[in-house]
Amino acid sequence: PSNKVENEPPVIKPSKQDTQKDPTISIDGKTALLGDKVYYRVNIDASRLTDTAYKVWRLGMTDDYDQEYLTLDAKHVEILDETGRDRTGEFNIQDKDGVLYAFAKTVDTQIPATGETVPGDPQPGDLKAYSEKSDKDYDPLKDPSIDQSLLGHTYQVVMPMTVTKVKDGHTVENTATQVTNDRRDKTNTVTNPLKEINPTKDVVVQVGGDSIDGKSVYLNHTFLYRLDSSILPPDRAYQTVTDWGGTDQLATEYDQYLGNWAVYASRDLYRDGQVLAARGEKIAGSGFDSSKFGGNLFTVDADENGKVTADATQTYLDLVSADNEHEAGWVLYLQCKRIAVADEVPNTWTETINGQPRESNKVVTKTPDMTPSIHLEKVDTPTLKQDGQEQADRDDPKQALKMDADSIGITFIITNTSKTDPATGDGAWFKASDLNLADSTIVGDAHVDMDSLTYPADWDTLVLKPGESVSVTGTLKGVKEGETHTDRAIVTGTPLVECAPSNGDPFNDKTDGGEDTDPEYSTGDVTEIDGKQLCADTQTTSNTDDWNGYRAKPLASTGVAVLGLAGGALAVLLAGGSLLVFRKRHYAQGSGRHTAVNAGK
């Protein structure tokens with residue numbers, strides 16, 4: 155019997171690692187975030203290929219990576235041997251359609267059977283096609299092979315990847331394949347769960363309050379922009395947080411930053427495995443005592459253009475970096491004041507973590523023109539009752555009423571014409587008892603008897619809301635025969651508006667060693683009407699409104715007397731004289747505000 159011949163196939167064990175740039179820090183199985191750098195390291199095992207029955211004509215690897223979520227930096231792919239020596243130049247590398255191909259270059263190859271040398275160049279132009287060849291496609295008498303001195307070593311293909319897309323619940327998996335001649339050996343599989351994190355933006359009136367996104371912020375009122383950070387997950391691929399902060403560009407034509415800010419923990423903050431600050435606890439702010447934490451955890455600065463920048467300090471970064479077992483996050487409040495009317499004021503903020511920026515959602519507020527105003531119409535009462543307000547309104551001398559007697563009833567119609575919030579209908583209110591009605595005689599000697607004004611029965615408690623009116627009646631007395639009369643009325647009032655919150659620090663409370671929060675309202679006495687807290691605004695004056703009338707001349711007796719009277723009236727008029735009477739009605743303890751004074755003669 156002949157001897158037994160055995161040819162054992164070589165043992166080939168390619169492998170794969172998933173690391174940070176530092177190859178000693180494995181991130182296999184760790185959660186990756188947008189912008190994280192992932193380094194795939196594919197180890198080509200040629201350590202046992204020096205004593206094979208056949209020449210090794212092809213050696214390399216293919217890696218079909220998840221190009222939907224990862225972007226390969228193909229220009230910086232490198233190949234190292236087991237000593238760390240750079241051997242990249244000895245390999246052909248090609249990134250095509252989400253697959254990296256890396257194969258040893260073909261070299262000038264001597265063919266012993268023919269004594270010829272087959273040139274190694276040109277190199278394969280399509281590594282995908284090259285990788286798919288089989289032994290049947292290789293002609294050992296015509297085709298070049300690789301440099302056989304490459305055998306007996308291991309080669310690590312370093313693939314720098316960046317996470318460029320994330321989706322909660324998606325895990326990036328990767329397995330490479332070593333190609334040795336016609337043989338294909340798979341590596342182990344590495345994985346990275348992906349986590350989508352994003353900052354959010356909101357706008358509120360007080361800490362923890364309901365959102366007013368899409369709603370109104372009234373002129374000269376303070377409010378808070380709320381900036382919620384992303385929530386860092388536990389078991390991160392990059393445990394160390396090198397930077398964490400963000401910027402908020404305010405629209406300075408509408409928003410004034412008041413310099414007050416506060417940061418609250420949105421997740422428990424740990425030190426050495428113990429809770430240092432519970433969720434919801436204030437951890438930084440303007441004037442905040444941070445000695446408990448060993449120093450300030452955040453800084454906030456604003457430039458002259460309204461750009462507010464917030465940054466976590468190294469103290470905070472160290473605390474978060476030391477804990478990879480819990481979520482981490484924070485929320486920043488910025489106190490601002492609305493300083494102009496606006497149809498729309500948008501706002502976003504940009505968060506940056508480990509150099510990766512993330513845009514928040516957009517919030518929008520508006521500031522309607524809610525200018526308080528009152529309007530006055532002065533009419534004669536008989537015509538008003540018989541023909542309506544338009545006929546009774548005698549602003550122009552051409553519309554003057556021919557009077558049959560020396561007196562006539564006059565009605566003053568006062569209307570709250572304040573502008574309102576279109577969304578809510580809110581606007582300034584006027585207490586009727588605070589209205590000051592004045593009347594002056596412009597032409598003639600007659601005047602409205604302000605002592606005889608008649609008010610509605612509910613005058614003491616009446617409140618005029620936007621669009622509502624009230625009528626006050628009186629009597630014009632003393633229009634003589636042959637006399638023309640013009641008098642002019644005006645009304646002033648103090649509008650009551652929603653009280654503006656204080657400009658003081660809204661975050662100052664006993665929990666951080668300070669006093670109680672500043673008073674809720676900063677201006678004026680607070681009046682409660684129908685459960686609403688209202689404050690007095692700047693006094694408002696209505697339009698002026700004239701009323702004209704006349705009496706026919708009596709039949710002339712001498713003519714001289716009539717001329718004398720007319721001349722006297724004209725002299726008074728030309729001299730700028732007028733008769734002024736205004737009415738502020740008296741009530742007990744100042745509840746009414748209309749008194750009569752003769753200021754014309």
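Here the sequence shown stands for residues 155 to 755, numbered as in the working numbering. Built from N, CA and C at the ideal position, the CB exists for glycine as well.
Review point. Would you report the Cα separation of residue 756 and residue 558, rounded to the nearest angstrom?
Key: Lying outside 155 to 755, the shown extent of the chain, residue 756 is not represented and no answer is given.
Review point. How would you call residue 550, buried or exposed, if buried means at least 16 neighbouring beta carbons within 10 angstroms?
Key: Here residue 550 is taken as the residue at index 396 of the sequence shown, counted from 1. That one is exposed.
Exercise for review: Would you please state the rounded distance, in angstroms, between the beta carbons of residue 194 and residue 219? I believe it to be under 8 Å.
Suggested key: As a first step, residue 194 must be located in the sequence shown, where it is residue number 40. As a first step, residue 219 must be located in the sequence shown, where it is residue number 65. Correct: roughly 7 Å between the Cβ atoms.
Check your understanding: Comparing alpha-carbon positions, which option in 514, 471, 521 lies nearest residue 493?
Key -> Looking up residue 493 in the sequence shown gives position 339. For residue 493, the nearest C-alpha among the options comes from 521.
Point to revise | For residue 174, the three-state DSSP class (helix, strand or coil) | key: In the sequence shown, counting from the first residue as 1, residue 174 sits at position 20. Coil, per DSSP.
Check your understanding: What do you reckon, are the CB atoms on residue 444 and residue 485 nearer than 7 Å?
Key -> Working through the sequence shown from its first residue, we reach residue 444 at position 290. Working through the sequence shown from its first residue, we reach residue 485 at position 331. Their beta carbons are not under 7 Å apart, which means residue 444 does not touch residue 485 by this criterion.
Check your understanding: Do residue 357 and residue 504 have their C-beta atoms closer together than 7 Å?
Key -> Mapped onto the sequence shown, residue 357 falls at position 203. Mapped onto the sequence shown, residue 504 falls at position 350. Contact flag unset, no.
Practice item. Quick one: using the 10 Å Cβ neighbour count with 16 as the cut-off for buried, is residue 511 buried or exposed? Key: For this step, residue 511 is matched to residue 357 along the sequence shown. Its Cβ having fewer than 16 others within 10 Å, residue 511 is exposed.
Practice item. List the whole-angstrom C-beta distance separating residue 424 from residue 480, where the pair is believed to meet the contact cut-off of C-beta under 8 Å. Key: Residue mapping note: residue 424 aligns to position 270 of the sequence shown, counting from 1. Residue mapping note: residue 480 aligns to position 326 of the sequence shown, counting from 1. Contact holds; Cβ gap of about 6 Å.
Check your understanding: Whose CA, out of 333, 407, 687, lies closest to the CA of residue 211?
Key -> The count along the sequence shown starts at 1 and reaches residue 211 at position 57. Taking only the C-alpha atoms, the option nearest residue 211 is 333.
Exercise for review: State the start and end residues of the unbroken beta strand (DSSP E) segment that holds residue 535.
Suggested key: Reading the sequence shown from its first residue, position 381 is the one you call residue 535. Per DSSP, residue 535 belongs to no beta strand (DSSP E); it is in the alpha helix (DSSP H), 535-541.
Point to revise | residue 429, buried or exposed, once every other Cβ within 10 Å from all chains shown has been counted against 16 | key: Locating residue 429 in the sequence shown gives position 275, where the first residue counts as 1. Classification for residue 429: exposed.
Review point. Is the distance from the Cβ of residue 594 to the Cβ of residue 582 below 7 Å?
Key: Numbered from its first residue, the sequence shown carries residue 594 at position 440. Numbered from its first residue, the sequence shown carries residue 582 at position 428. For residue 594 and residue 582, no; Cβs fall outside 7 Å.
**Study point:** Three-state secondary structure (DSSP) of residue 643
**Key:** Here residue 643 corresponds to residue number 489 of the sequence shown, with the count starting at 1. It is a strand residue.
Practice item. With a floor of 3 residues, list each beta strand (DSSP E) that falls wholly inside the region 404-480, ordered by position along the chain. Key: 409-419, 423-425, 428-431, 436-439, 452-456, 461-466
Check your understanding: Can you tell me where the alpha helix (DSSP H) with residue 707 in it begins and where it stops?
Key -> If you number the sequence shown from 1, residue 707 lands on position 553. First-last for residue 707: undefined, no H or E at that position.
Practice item. Tell whether a beta-carbon distance below 7 Å holds between residue 688 and residue 681. Key: For the purposes of this step, residue 688 is taken as the residue at position 534 of the sequence shown. For the purposes of this step, residue 681 is taken as the residue at position 527 of the sequence shown. Yes.
Check your understanding: For residue 224, does the three-state DSSP call read helix, strand or coil?
Key -> For the purposes of this step, residue 224 is taken as residue 70 along the sequence shown, with counting starting at 1. If DSSP states are grouped into helix, strand and coil, residue 224 belongs with the strands.
**Study point:** In DSSP terms, what residue 218 is bridged to
**Key:** Locating residue 218 in the sequence shown gives position 64, counting from the first residue. BP columns for residue 218 point to 253.
Review point. What are the uninterrupted segments assigned as beta strand (DSSP E) that are 3 or more residues long and contained completely in the region 328-416, given in chain order?
Key: 330-334, 337-340, 344-347, 354-358, 376-382, 398-403
Exercise for review: Mind checking who residue 230 pairs with in its DSSP beta bridge?
Suggested key: In the sequence shown, the residue the question calls residue 230 occupies position 76. Answer is none; residue 230 lacks a bridge partner.
Check your understanding: Going along the chain, which residues of its own chain have a beta-carbon closer than 7 Å to the beta-carbon of residue 632, five neighbours each way excluded?
Key -> On the sequence shown, position 478 is the one that residue 632 refers to. Excluding positions up to five away in sequence, the list reads 560, 599, 600, 601.
Check your understanding: Leaving out five residues before and five after residue 531 in sequence, what residues of the same chain have Cβ atoms less than 7 Å from its Cβ?
Key -> Taking the first residue of the sequence shown as position 1, residue 531 is located at position 377. For residue 531, where only same-chain residues beyond five positions count, the Cβ hits under 7 Å are 543, 547, 567, 699.
Exercise for review: Please work out which residues of its chain come closer than 6 Å, Cβ to Cβ, to residue 552, disregarding the five sequence neighbours upstream and downstream, and give them in chain order.
Suggested key: By one-based count along the sequence shown, residue 552 stands at place 398. None.
Check your understanding: By the 10 Å Cβ neighbour count, where 16 or more other Cβ atoms means buried, how is residue 526 classified, buried or exposed?
Key -> To locate residue 526, count along the sequence shown from 1; it is residue 372. With 16 or more Cβ atoms within 10 Å of its Cβ, residue 526 is classed as buried.
**Study point:** Extent of the continuous beta strand (DSSP E) run through residue 487
**Key:** Within the sequence shown, the letter at position 333 stands for residue 487. Taken as a continuous stretch (DSSP letters only), the beta strand (DSSP E) holding residue 487 covers 484-492.
**Study point:** Helix, strand or coil at residue 578 according to DSSP, with G and I counted as helix
**Key:** Here residue 578 refers to the residue found at position 424 when the sequence shown is read from its first residue. DSSP places residue 578 in coil when its eight states are reduced to three.
Point to revise | Any 3 or more C-beta pairs closer than 8 Å across the region 453-468 and the region 394-405 | key: yes
Exercise for review: Can you grab the Cα-Cα spacing for the pair residue 296 / residue 274, in whole Å?
Suggested key: Translated into positions along the sequence shown, residue 296 becomes position 142. Translated into positions along the sequence shown, residue 274 becomes position 120. About 11 Å.
Review point. Applying the criterion that 16 or more other CB atoms from any shown protein chain within 10 Å of the CB defines a buried residue, is residue 290 buried or exposed?
Key: As a working mapping, residue 290 is identified with position 136 in the sequence shown. When all chains shown are included, residue 290 counts as exposed.
Point to revise | Alpha-carbon to alpha-carbon, residue 442 and residue 524 | key: The sequence position of residue 524 within the sequence shown is 370, counting from 1. The sequence position of residue 442 within the sequence shown is 288, counting from 1. C-alpha separation (whole angstroms): 37 Å.
**Study point:** Contact under 7 Å by Cβ, residue 642 with residue 683
**Key:** Numbered from its first residue, the sequence shown carries residue 642 at position 488. Numbered from its first residue, the sequence shown carries residue 683 at position 529. No, they are not a contact pair.
Point to revise | Cα-Cα separation, residue 626 to residue 635 | key: What you label residue 626 is simply residue 472 of the sequence shown in a count that begins at 1. What you label residue 635 is simply residue 481 of the sequence shown in a count that begins at 1. Using only the alpha carbons, I get a separation of about 27 Å.
**Study point:** Chain-order list of residues whose beta-carbon lies under 6 Å from that of residue 209 (same chain, five-residue window excluded)
**Key:** Walking along the sequence shown from the start, residue 209 turns up at place 55. Closer than 6 Å at Cβ, skipping near neighbours: 299.
Exercise for review: Find out if the Cβ-Cβ distance for the pair residue 228, residue 346 is shorter than 7 Å.
Suggested key: Residue mapping note: residue 228 aligns to position 74 of the sequence shown, counting from 1. Residue mapping note: residue 346 aligns to position 192 of the sequence shown, counting from 1. The answer is no: Cβ separation not under 7 Å.
Exercise for review: Only counting runs of 4 or more residues, tell me where the alpha helix (DSSP H) segments fall wholly within the region 252-336, in order along the chain.
Suggested key: 281-285
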